[in-house]
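Sequential numbering from 2 applies to the sequence shown in our numbering. We put the CB at the ideal spot given by N, CA and C, even for glycine.
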Amino acid sequence: MTSTVSGPGADVVAAAAGDFARELTRDSLLRLARREIAAVHVPGFCDRRIAAEAAGKAVRHKALGNYHKKYTSTVGRVHLPHIDTAWNPELTAEYHDVALASIQEVRALFAPYLSPVDHVRLLLQECWPAGAELLRLRGRPCFVGALRVFRPDTSVFLPHNDRIEQETDAPEAAGVTEQLVANIYLQVPEEGGDLQLWRREPTHAESRTILEVEGLDPATVEPPDHVIHPQAGDLIVFSSRMLHAVTPARGGHRVGMAAFIACKGPDEPLRYWS
């Protein structure tokens with residue numbers, strides 16, 4: 002197992018230098034999509050003062066709800082993410098109906114500054130060989146920019162993975178060869194809230210469990226290959242198709258933003274959503 006920390010003067014600790022890229026570039030994106038590296042970890046991607054102000058707004062937001070599955074229901078989220086449409090036609094219609102308005106609301110939390118998710122969107126458009134765009138399912142726009150709120154001591158993401166084709170049969174979801182997730186950390190307690198990464202996808206049996214309850218018993222899984230304790234303002238991009246987890250935060254909220262990124266190869270645009 003390897004670990005990384007970030008912050009002023011901090012570098013990779015006990016990790017092979019080739020496991021992580023420190024900038025979001027054409028080369029690092031292509032290497033990540035080919036699984037040649039574990040993650041792109043950019044310390045200080047977002048100004049900490051701006052991040053802290055947005056984190057406070059997220060914790061108090063009127064649209065703060067919880068994820069719907071058994072093992073994720075302790076985690077808060079601002080606005081409806083696609084995974085919580087749960088194959089329900091009414092929820093799916095609601096998700097798309099409010100997608101653009103939700104994007105605008107999240108963007109307003111950072112005004113007059115650029116939202117970190119919008120910054121990521123611009124970099125993806127500039128760096129990926131075929132550009133990048135907002136995902137549309139059956140022609141309808143998706144939301145992007147979900148805010149996640151981990152409450153002290155109670156919220157946890159057990160080992161799991163995420164795949165868009167497990168959430169929809171829309172034709173636009175076909176042909177995805179890799180799915181990444183970009184996380185921007187707005188507030189992180191000193192203890193806990195660690196990101197755990199495995200360099201493998203779940204087995205068929207594990208996948209069935211994840212689909213049912215959105216998490217595996219940690220006692221049934223080998224130790225993670227990498228453990229990262231992010232700092233406020235950091236950006237970390239990794240494969241969401243491979244197992245990952247978040248440990249409980251201690252002594253304070255852990256607040257972040259997340260955007261999934263579907264890859265169909267370098268000749269197709271990346272498509273992002275939450």
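A Cβ-Cβ distance of about 4 Å is found for the pair E179 and C264, placing them in contact under the 8 Å criterion.
For Y96, the uninterrupted alpha helix (DSSP H) run begins and ends at P90 to D98, by DSSP. By the Cβ-count criterion, A133 is buried, with 16 or more other Cβ atoms from all chains shown falling within 10 Å of its own Cβ.
DSSP, reduced to helix, strand and coil, places L115 outside both helices and strands of the structure shown, so it counts as coil. In terms of CA proximity to F158, G194 leads the group F46, Y186 and G194.
The alpha helix (DSSP H) runs of length 4 or more contained entirely in the stretch 164–239 are, from start to end of the chain, 205–214. Q188 and L236 have their C-alpha atoms some 12 Å from each other. When Cβ pairs closer than 8 Å are counted between the two stretches, the stretch 139–152 is seen to touch the stretch 248–257, the count reaching three or more. C128 is not a Cβ neighbour of L33, given a cutoff of 8 Å. Burial check for R35: the Cβ neighbour count within 10 Å stays below 16, so the residue is exposed. In this structure, L244 keeps its C-beta atom at 8 Å or more from the C-beta atom of P270. Listed as beta-bridge partners of M258 by DSSP are L148 and I185. For L159, the enclosing beta strand (DSSP E) stretches over residues F158 to H161. Note on A22: 16 or more other CB atoms within 10 angstroms of its CB, so buried under the neighbour-count rule. Its chain contains P117, I185, G234, D235 and L236 as the residues whose beta carbon lies nearer than 7 Å to that of F46, once the 5 sequence neighbours on both sides are disregarded; these appear in chain order. Taking 8 Å as the cut-off, the beta carbon of L217 is found closer than this to the beta carbon of H161.
Rounded to whole angstroms, the gap between the alpha carbons of V238 and A40 is 5 Å. For D98, the number of other beta carbons within 10 angstroms of its own is below 16, and it is reported as exposed. For the alpha helix (DSSP H) assignment, the uninterrupted runs of no fewer than 4 residues enclosed by the stretch 32–71 are, from N- to C-terminal side, 49–60. Note on geometry: alpha-carbon atoms of H80 and T86 lie some 12 Å from one another. Look at G19 here: in three-state DSSP terms it is helix.
Setting aside the 5 residues that flank it on each side, A100 is surrounded in the same chain by P142, C143 and F144, each with a C-beta closer than 6 Å to its C-beta; the list follows chain order. In the same chain as P267, and ignoring 5 residues on each side of it, the C-beta atoms closer than 6 Å to its own belong to P130, in chain order.
Between L25 and L181, the beta carbon gap of about 11 Å keeps them out of contact (Cβ cut-off 8 Å).
Looking at the DSSP output, P82 shares a beta bridge with no other residue.
Apart from the 5 residues on each side of it in sequence, D163 sits with its Cβ closer than 6 Å to the Cβ of S241 in its chain, given in chain order.
Here T221 is exposed, its C-beta having fewer than 16 other C-beta atoms within 10 Å.
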